[in-house]
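Chain order of the listed sequences is D and W.
Each residue of the first sequence is one higher than the one before, counting from 1 in the numbering used here.
Each residue of the second sequence is one higher than the one before, counting from 1 in the numbering used here.
Worksheet for the structure shown next.
Number of protein chains: 2
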Amino acid sequence: MKTKTQDAKPYHHGNLRDALLAAARRLLETEGHSALSLRKCAAAVGVSATAPQNHFANKTALLTALAAQGYAEMEAYMRRNLSDAANRKTRREAALLGYVAFAQDHPALYELMFARERVSSIDPDLLRSVGKCFVILADIAKDFGHFAGGPAKVDAKQQMFLWSLVHGYAQLLTANRFKKDDMLEASILDIIPELRTDSGH
Amino acid sequence: MKTKTQDAKPYHHGNLRDALLAAARRLLETEGHSALSLRKCAAAVGVSATAPQNHFANKTALLTALAAQGYAEMEAYMRRNLSDAANRKTRREAALLGYVAFAQDHPALYELMFARERVSSIDPDLLRSVGKCFVILADIAKDFGHFAGGPAKVDAKQQMFLWSLVHGYAQLLTANRFKKDDMLEASILDIIPELRTDSGH
DNA sequence: CACTGCATATTTACATTGAACATATCCGTA
DNA sequence: TACGGATATGTTCAATGTAAATATGCAGTG
Numbered sequence: 001m002k003t004k005t006q007d008a009k010p011y012h013h014g015n016l017r018d019a020l021l022a023a024a025r026r027l028l029e030t031e032g033h034s035a036l037s038l039r040k041c042a043a044a045v046g047v048s049a050t051a052p053q054n055h056f057a058n059k060t061a062l063l064t065a066l067a068a069q070g071y072a073e074m075e076a077y078m079r080r081n082l083s084d085a086a087n088r089k090t091r092r093e094a095a096l097l098g099y100v101a102f103a104q105d106h107p108a109l110y111e112l113m114f115a116r117e118r119v120s121s122i123d124p125d126l127l128r129s130v131g132k133c134f135v136i137l138a139d140i141a142k143d144f145g146h147f148a149g150g151p152a153k154v155d156a157k158q159q160m161f162l163w164s165l166v167h168g169y170a171q172l173l174t175a176n177r178f179k180k181d182d183m184l185e186a187s188i189l190d191i192i193p194e195l196r197t198d199s200g201h
Numbered sequence: 001m002k003t004k005t006q007d008a009k010p011y012h013h014g015n016l017r018d019a020l021l022a023a024a025r026r027l028l029e030t031e032g033h034s035a036l037s038l039r040k041c042a043a044a045v046g047v048s049a050t051a052p053q054n055h056f057a058n059k060t061a062l063l064t065a066l067a068a069q070g071y072a073e074m075e076a077y078m079r080r081n082l083s084d085a086a087n088r089k090t091r092r093e094a095a096l097l098g099y100v101a102f103a104q105d106h107p108a109l110y111e112l113m114f115a116r117e118r119v120s121s122i123d124p125d126l127l128r129s130v131g132k133c134f135v136i137l138a139d140i141a142k143d144f145g146h147f148a149g150g151p152a153k154v155d156a157k158q159q160m161f162l163w164s165l166v167h168g169y170a171q172l173l174t175a176n177r178f179k180k181d182d183m184l185e186a187s188i189l190d191i192i193p194e195l196r197t198d199s200g201h
């Protein structure tokens, strides 16, 4: 018989889903994805090994939710330190630096966000988070690159160019493939060769 | 008692290491990395479940060898269809198209080649294979981008620019992040905005 | 030929993990 | 109060990575 006065551990956690996501995130970033298991998440939160199944159908579902959370946070990185009144150049540079800073601050999570097999790429929540990130990039992309073709094709090429460049840079940087001292000094802004128009400032 | 006339399965495989790598490669490309286990590799080759341990200290060692093999093959893709007499522009375009073609033909292997946790990034064989790929890119990079700084810094920025661009493009393409029709039409050559000098042709 | 050493493969064993299943508990509501 | 849905538990199983001890074959050496 359990007394009501001293609060025993409740049968129901209350917010297990978020707690599991937080634990998973912590495990991922401190011990790497190979150390991330549903059981460890459950243990970290203090519930039974199979409790996560009530909130995530399988491990992929949890990783997908984690990735979606990652995109949302990356968006925040791209928008941080910015007032709406900031001019175009400032916004541009802040967004690109934010993108890279996020990858550097959370390399394991960033890798998960682009892992083809570990996340369900058709998940609506994930797609929504991805989309919100890339409207930012798509807007910035208007300023970069001289390309041939009609307006739609030019837009597409600009977006592909910028996204490829910043994503490739972020991943090669976090994968430690840039070794030379001269490379380590160069930021993402330093390796963008030109502007279409210097409409900012 | 075993007769010598009908050849019984030999106790020693003869070339188990290569056979395991081939089996691993097949599993990776047909069923994905989550279906790749040491035991399945062993079973595919027809040896006991723990035989691989004699050739690969652990799973990471096998994946690292597989990644090294991938870089060697990507180099072949970049060099294919080329005579030494080809002019600079032709070599440039063939190498870039080859890089992307490799990623498209072997997306799971390509992803492995840049996976931070699954491969040992300090493995000498891997580093050698990576290096041979990127002398090609480093040479091509000389033609791209106007950057500030001394010669060494300019070289570094050009290399970072080109490698980031082509790697980001390849990964976003294989990860199916380019959705719009206009994007699917654009090749890597279409999203490179300019040449430093048109020294080729 | 007999013997020895080494590389290679096998067998056995164990802890971890993802997942399925039936069951228990809590809470809101009719 | 009784019921039902949501949430958590305990049990169970197959697959996996890895360790340790053992067996096999081969290549020399006496």
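Glycine included, every Cβ here is placed at the ideal spot set by N, Cα and C.
Only a predicted model underlies this, so the values are computations on that prediction, with no experimental measurement involved.
**Report entry** Whole-Å CB distance - residue 169 of chain D paired with residue 100 of chain D, under 8 Å assumed
**Finding:** For the purposes of this step, residue 169 of chain D is taken as residue 169 along the first sequence, with counting starting at 1. For the purposes of this step, residue 100 of chain D is taken as residue 100 along the first sequence, with counting starting at 1. With a Cβ gap of about 7 Å, residue 169 of chain D and residue 100 of chain D count as contacting.
Query raised in the report: Three-state secondary structure (DSSP) at residue 137 of chain W?
Result: The sequence position of residue 137 of chain W within the second sequence is 137, counting from 1. Correct three-state label for residue 137 of chain W: helix.
Query - Through-space distance from residue 46 of chain D to residue 48 of chain W, alpha-carbon basis - result: To locate residue 48 of chain W, count along the second sequence from 1; it is residue 48. To locate residue 46 of chain D, count along the first sequence from 1; it is residue 46. Each residue's alpha carbon lies about 39 Å from the other.
Query - Helix, strand or coil at residue 82 of chain D according to DSSP, with G and I counted as helix - result: Here residue 82 of chain D corresponds to residue number 82 of the first sequence, with the count starting at 1. Residue 82 of chain D: coil per DSSP, three-state reduction.
Query raised in the report: Helix, strand or coil for residue 47 of chain D per DSSP?
Result: Counted from its first residue, the first sequence places residue 47 of chain D at position 47. The answer is coil: DSSP assigns residue 47 of chain D none of H, G, I, E or B.
Requested in this report: Would you check if the stretch 128 to 147 of chain D and the stretch 156 to 165 of chain D touch, i.e. whether three or more CB-CB distances between them fall below 8 Å?
Outcome: yes
Query raised in the report: Along chain W, in chain order, which residues have C-beta atoms closer than 9 Å to that of residue 176 of chain D?
Result: If you number the first sequence from 1, residue 176 of chain D lands on position 176. Residues of chain W passing the Cβ test: 116 and 121.
Query - Residues of the stretch 125 to 148 of chain D with Cβ closer than 7 Å to any Cβ of chain W, in chain order - result: 145, 146 and 147
Requested in this report: For residue 47 of chain W, verify whether its CB is less than 7 Å away from any heavy atom of the ligand ATP.
Outcome: The ligand ATP is absent from the structure shown, which contains no ligands of any kind.
Query raised in the report: When Cβ atoms are compared, which residues of the stretch 155 to 169 of chain D fall closer than 8 Å to chain W?
Result: 155, 156, 157, 159, 160, 161, 163, 164, 165, 166, 167, 168 and 169
Requested in this report: Leaving out five residues on either side along the sequence, give the residues of the same chain with a beta carbon under 8 Å from the beta carbon of residue 106 of chain D.
Outcome: Reading the first sequence from its first residue, position 106 is the one you call residue 106 of chain D. Same-chain partners within the cutoff: 29, 70 and 73.
Query raised in the report: So, is the C-beta of residue 31 of chain D closer than 8 Å to a C-beta in chain W?
Result: Position 31 of the first sequence holds residue 31 of chain D. Chain W contact via Cβ: absent.
Query raised in the report: Does residue 180 of chain W get closer than 8 Å to chain D when you measure Cβ to Cβ?
Result: Residue 180 of chain W sits at position 180 when you count from the first residue of the second sequence. Yes, because at least one Cβ of chain D sits closer than 8 Å to the Cβ of residue 180 of chain W.
Requested in this report: Compute the Euclidean distance between the alpha carbons of residue 134 of chain W and residue 18 of chain D, then round it to the nearest angstrom.
Outcome: On the second sequence, position 134 is the one that residue 134 of chain W refers to. On the first sequence, position 18 is the one that residue 18 of chain D refers to. If I take the Cα positions, the gap works out to 43 Å.
Query raised in the report: With a cut-off of 8 Å, does the C-beta of residue 171 of chain W fall near any C-beta of chain D?
Result: Numbered from its first residue, the second sequence carries residue 171 of chain W at position 171. At least one chain D Cβ lies under 8 Å of residue 171 of chain W.
Query raised in the report: Hey, is residue 111 of chain D's beta-carbon within less than 8 Å of any beta-carbon in chain W?
Result: As a position in the first sequence, residue 111 of chain D is number 111, starting the count at 1. Answer yes: the Cβ-Cβ gap between residue 111 of chain D and chain W drops below 8 Å somewhere.
Query raised in the report: Just reading off the alpha helix (DSSP H) that residue 161 of chain W is part of, what are its end residues?
Result: Here residue 161 of chain W refers to the residue found at position 161 when the second sequence is read from its first residue. Run containing residue 161 of chain W: 151 to 174, per the alpha helix (DSSP H) assignment.
Query raised in the report: Which whole runs of the alpha helix (DSSP H) in the stretch 76 to 132 of chain W are 4 residues long or more, in chain order?
Result: 88 to 105 and 107 to 113
Query raised in the report: If we cut at 8 Å on Cβ distances, does residue 89 of chain W have a partner in chain D?
Result: Residue mapping note: residue 89 of chain W aligns to position 89 of the second sequence, counting from 1. False, the Cβ-Cβ gap to chain D never drops below 8 Å.
**Report entry** Nearest-angstrom beta carbon gap, residue 193 of chain D and residue 146 of chain W [assumed within contact, 8 Å]
**Finding:** Residue mapping note: residue 146 of chain W aligns to position 146 of the second sequence, counting from 1. Residue mapping note: residue 193 of chain D aligns to position 193 of the first sequence, counting from 1. That belief holds up - the Cβ atoms of residue 146 of chain W and residue 193 of chain D are roughly 5 Å apart, short of 8 Å.
Query raised in the report: So what does DSSP say about residue 194 of chain D, is it helix, strand or coil?
Result: As a first step, residue 194 of chain D is located in the first sequence; it is residue number 194 there, counting from the start. Three-state result, residue 194 of chain D: coil.
Query raised in the report: When DSSP labels each residue in this structure, what does residue 59 of chain D get in the three-state scheme?
Result: Your numbering for residue 59 of chain D matches position 59 in the first sequence. If DSSP states are grouped into helix, strand and coil, residue 59 of chain D belongs with the helices.
Query raised in the report: Does any CB atom of chain D fall closer than 8 Å to the CB of residue 190 of chain W?
Result: Position 190 of the second sequence holds residue 190 of chain W. With 8 Å as the cut-off, residue 190 of chain W counts as an interface residue toward chain D.
Query raised in the report: Count the other CB atoms within 10 Å of the CB of residue 10 of chain W; is the residue buried (16 or more) or exposed (fewer)?
Result: Taking the second sequence and counting its residues from 1, the one referred to as residue 10 of chain W is at position 10. Burial call: exposed.
Query raised in the report: Three-state secondary structure (DSSP) at residue 33 of chain W?
Result: Position 33 of the second sequence, counted from the start, is the residue given in the question as residue 33 of chain W. Residue 33 of chain W falls in the helix class under three-state DSSP.
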